[in-house]
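S.K.: Have a look at this one.
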Amino acid sequence: MPVIDKQAYLLLKRLIFGVLALTLVFFPGREVAGQKGYLLKMEETKVDVRLLEEQLNQLNGDARATASRLGRSALSVLLKRTKAASPRERALVLECLAEVKGEEAVQALIDALNDPEQDVWNTALNLLHVTHSPGAVGPLSAFLAQSPHPRIRGEVARILGRMGASSALPAIKSQLGREEDREAAFKMKLAIAKLEDGPERQEVLSRLSHEDPKIRYKAIGELEYINEPTLVKRLLPLLSDEARVVNVGQERWPIWHRVCDRALEAVASLTGKTFPFPTGNRVYNAEQLRMARELIAAAGK
Amino acid sequence: MPLVFIKEVYKRERIVPVRFTRYIDPVPAGTYAPDLDDRGYTEPYRGPVVGVCRGDLTRVTLVREQLIDNAPLFVTSEDTSKLTLINPPPNPGQLPDGYEVSIDFRASSTNDGDVKIRIHAQALDGPIVGELTVHISQLLTVPCAVHRTAIYTPPSTRTAANTTGRTFADITNLMNEVNRMWRPCGIEFHVDTQRDNTDLTNQVARNGINPTDGALLCPVYGSGENNENFTRLMATNPVANRLNIYFVREIRTASADGRPFYVGFGSSAARGCVVSDSAADLETQAHTLAHELGHILNLSGIGHAVPEDAHADDDPQWHATVTRRRHDLWSRRRLMYYMVGLNSTDRTGRGGRYAFAGTDVGYGEGRSGHMITIKNLANDQTDNEYADARNRQASLFTP
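For the record, the sequence lines run as chains P and X.
The numbers in the numbering used here rise by one with no breaks, and the one at position 58 of the first sequence is 59.
The numbers in the numbering used here rise by one with no breaks, and the one at position 340 of the second sequence is 1786.
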């Protein structure tokens, strides 16, 4: 350890204080400016919170953007309003919470599945597909057996599947065994197909070669939901399937979406790659379909 | 003294002493007067059925079809916990004299379902001579964003001349009227987002015709060109998780004379529609928009090879041949009849293409109706609209 004498120590001490004093003299604004920025931000937050409240009072959909801007600062306002008298306000509050995200938001969305109004619980279902957290698996699983609404039971299964919640498999299978609603049961099977490679997944894969083009077309969407990149090669034969299934245009100007068009869009989604041309509800030419085949080949390597 | 006569009946005759119809006169404020689905007598509805929303004050007309105008008639609710009679008041529940009389009621059931209004002869507990099924719905909402749209090609800029002439106040009035038409289905289009900065600036030529400012340019029907400019419009400033309704100044067909004229069209896939400015009355404008929204919610769509082509007059295979399509009274009463007006001389009436010439189907001369069907008749694959629309509402924004 180096040693200095007392005089040198005092000199060094004076030097340090001098430098500090000069710094304060010549750069006084730094800390003040920081405070000003902080205060400005606080003021902006206050303005945004007031705006959010106003927008919620007016049932203005722009509240979603305000909540997104505010982030967690919006929570205090939003959580207070989850029990608002108006169902429309409750639904809008849920949309705002989904913008904020986080555990509190997810919990509020789950709680809303008990709302008496269909619009409110249906909004919560739609949002939970995108906004969820691992902590939601348990509370959501309870709805599989307990909800009186088939749509909630079915969609909750799909949400759990989308979350990759393997721990929910026993609950989904158990409910499937006693589910009376056909559509809800179908969604539960789809969730199982997503969560494990078993007979339910094989059913989806077999539907890809069903004789009815509408079923083949729909099965591509199911494969997208399963979202297993190794299955992308199953789309290869469908890229040559020109059966016209859905008019994605308008009543007088149909755009016939073929099985191959839907398959190309699924290739992009399953591989996570983007094509050098716009995709989505379009019809693709031979060259574009060839590029999709190449993408599948590259994914297999 | 009633007139007695003897009549021979071969096999059987259905006697209809009274029947129910839509209340046609101007409706008192705060009251709804829905069209009744009175087509056919098949299960589960052996008689007319009408859709109402929980809490709404609703008026229907009772017609003493085969009774004298002062025949004593009484009205009851099958379940007063679900449906309350307002006029005539339940006790004594006697209907006034007259060939056509009004019945007002309010549905209060908290669950979707049916309840019957019964007409009794002579006394409250007298024989039932008529029955109306009331299908009660909880109101479902479709959140919407409306756009006051400008259409131009730079270096032009947004001006009043290339922007819709409708103000947001006009749009609110229009949507109120649309929602009145949709009320029996229990669906409300709720505008919670307004955009006044939507500019379509990248239109392309169609059928060799260049775009002009202010007009959405569409290809000639059947020319094989797709409606690219509509696709571009749907991608302009869209609001997520909302049904986007674009109001534009004009829709123009890319033909030499600009015909045929279109006032609007929608796309279920794009969850959006476009409506042009119009000099027509509010009823006609609202009918147009209500119809386009019907396409987005799949009205008349299930059972078709092409759901978005669906209209009440279509046969399931969408035959373009006019003679194979339906233009009867029932079809013309429906919201999804393919024409907004019935007075086009090339189509309806003497010398027109359709055998049925009726141009007043209960909505005033030349107007098609607003009926959204509740029944699901076996021979009509465009039917079951009530259930189809509500199912589509639920899944409209589901990933």
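Built from N, CA and C at the ideal position, the CB exists for glycine as well.
Give the straight-line distance between the Cα atoms of L161/P and E184/P, rounded to the nearest whole angstrom.
M.R.: 16 Å
S.K.: I'd like the list of long-range same chain contacts for D1484/X, defined as Cβ closer than 6 Å, with 5 residues on each side in sequence excluded.
M.R.: P1494
S.K.: Taking the alpha-carbon positions, what's the R31/P to G38/P distance?
M.R.: Unreliable placement is indicated for R31/P, whose pLDDT of 48 sits below 50; the coordinate value is still reported in the next sentence. Approximately 11 Å, taken between the alpha carbons.
S.K.: Using only alpha-carbon positions, find the residue among N1690/X, L1646/X and R1552/X that is nearest to P1600/X.
M.R.: L1646/X
S.K.: Which chain X residues sit within Cβ distance under 9 Å of V131/P?
M.R.: P1845
S.K.: Could you tell me whether the Cβ atoms of R1505/X and T1477/X are closer together than 7 Å?
M.R.: yes
S.K.: What does DSSP give as the partner residue(s) for R1634/X in the beta ladder?
M.R.: The identity of residue 1634/X in the sequence shown is Glu, whereas the question assumes Arg. BP columns for E1634/X point to T1587/X.
S.K.: Of all the options Q176/P, R291/P and K81/P, which has the alpha carbon lying nearest to the alpha carbon of L239/P?
M.R.: R291/P
S.K.: Please list the terminal residues of the continuous beta strand (DSSP E) segment that includes N248/P.
M.R.: R245 to N248
S.K.: From which residue to which residue does the beta strand (DSSP E) around R1505/X run?
M.R.: L1503 to V1509
S.K.: Where does T1734/X fall in DSSP's three states?
M.R.: helix
S.K.: Specify the secondary structure class of Q323/P as computed by DSSP and reduced to three states.
M.R.: There is no way to answer for residue 323/P, as the model of chain P reaches only from 2 to 302.
S.K.: Apart from the five residues just before and just after R206/P, which ones in its own chain have a Cβ nearer than 7 Å to its Cβ?
M.R.: The sequence as given places Leu at residue 206/P; Arg does not occur at that position. Hits under 7 Å: R235.
S.K.: For the stretch 1589-1676 of chain X, list the beta strand (DSSP E) runs that are entirely contained and at least 3 residues long, ordered along the chain.
M.R.: 1633-1646 and 1661-1664
S.K.: Return helix, strand or coil for S1540/X, following the three-state DSSP convention.
M.R.: The question names Ser, but residue 1540/X in the sequence shown is Gln. Correct three-state label for Q1540/X: strand.
S.K.: Is R217/P close to chain X, meaning its C-beta is less than 7 Å from at least one C-beta of that chain?
M.R.: no
S.K.: For my contact list, R1612/X and D1703/X are in at a C-beta cut-off of 8 Å; report their separation, rounded to the angstrom.
M.R.: Going by Cβ atoms, the distance from R1612/X to D1703/X rounds to 26 Å, so no, they are not a contact pair.
S.K.: Which residue from H150/P, A64/P, L60/P and Q108/P puts its Cα closest to that of P117/P?
M.R.: H150/P
S.K.: May I ask which residues mark the beginning and end of the beta strand (DSSP E) holding L1519/X?
M.R.: Residues L1519 to S1523.
S.K.: Return the CA-CA distance between W1764/X and S1714/X, expressed in angstroms with no decimal places.
M.R.: Interpretation of W1764/X is limited by its pLDDT of 48, a score under 50 that renders its predicted location unreliable; the figure taken from the coordinates is listed afterwards. Distance between the alpha carbons of W1764/X and S1714/X: 18 Å.
S.K.: Is the beta carbon of E105/P closer than 7 Å to that of L76/P?
M.R.: yes
S.K.: Quick check on L1745/X: does DSSP put it in helix, strand or coil?
M.R.: coil
S.K.: For the candidate residues G1670/X, F1466/X, I1574/X and H1733/X, whose alpha-carbon lies nearest to that of V1580/X?
M.R.: If we check each option's Cα against that of V1580/X, F1466/X comes out closest.
S.K.: Would you call E201/P buried or exposed, if buried means 16 or more other Cβ atoms sit within 10 Å of its Cβ?
M.R.: Its Cβ being crowded by 16 or more others within 10 Å, E201/P is buried.
S.K.: Measure the C-alpha to C-alpha separation of G1437/X and V94/P and round it to an integer number of angstroms.
M.R.: The structure shown does not extend to residue 1437/X, since chain X is modelled only from 1447 to 1845, so the question has no answer here.
S.K.: Let me know if L1663/X comes out buried or exposed under the rule of 16 or more other beta-carbons within 10 Å of its beta-carbon.
M.R.: buried
S.K.: Please compile the residues from chain X whose C-beta is within a distance smaller than 7 Å of the C-beta of I256/P.
M.R.: N1672
S.K.: Can you tell me which of the three DSSP states G30/P falls into?
M.R.: Below a pLDDT of 50, predicted positions are generally treated as unreliable, and G30/P, at 47, falls in that range; no measurement from the model is reported.
S.K.: I need the straight-line Cα distance from P1480/X to Y1708/X, nearest angstrom please.
M.R.: 28 Å
S.K.: Okay, do the stretch 137-156 of chain P and the stretch 169-177 of chain P touch, 3+ Cβ pairs below 8 Å being the bar?
M.R.: yes
S.K.: Is L1531/X helix, strand or coil by DSSP?
M.R.: strand
S.K.: Against D1388/X, what residues of chain P qualify as contacts under a CB-to-CB distance less than 9 Å, listed in chain order?
M.R.: Residue 1388/X is absent from the structure shown; chain X starts at 1447 and stops at 1845.
S.K.: Is N123/P close to chain X? Criterion is C-beta to C-beta, closer than 7 Å.
M.R.: yes
S.K.: Touch check for the stretch 1506-1524 of chain X and the stretch 1552-1569 of chain X: three-plus C-beta pairs under 8 Å?
M.R.: The answer is yes - the stretch 1552-1569 of chain X touches the stretch 1506-1524 of chain X, with three or more Cβ pairs under 8 Å.
S.K.: Below 8 Å on the Cβ atoms is my contact criterion, and I expect G1804/X with G1815/X to pass it. Report the Cβ-Cβ distance as a whole number of Å.
M.R.: So it is not a contact: roughly 11 Å between Cβ atoms.
S.K.: In the DSSP assignment, what residue or residues form a beta bridge with V1580/X?
M.R.: V1496/X and V1561/X
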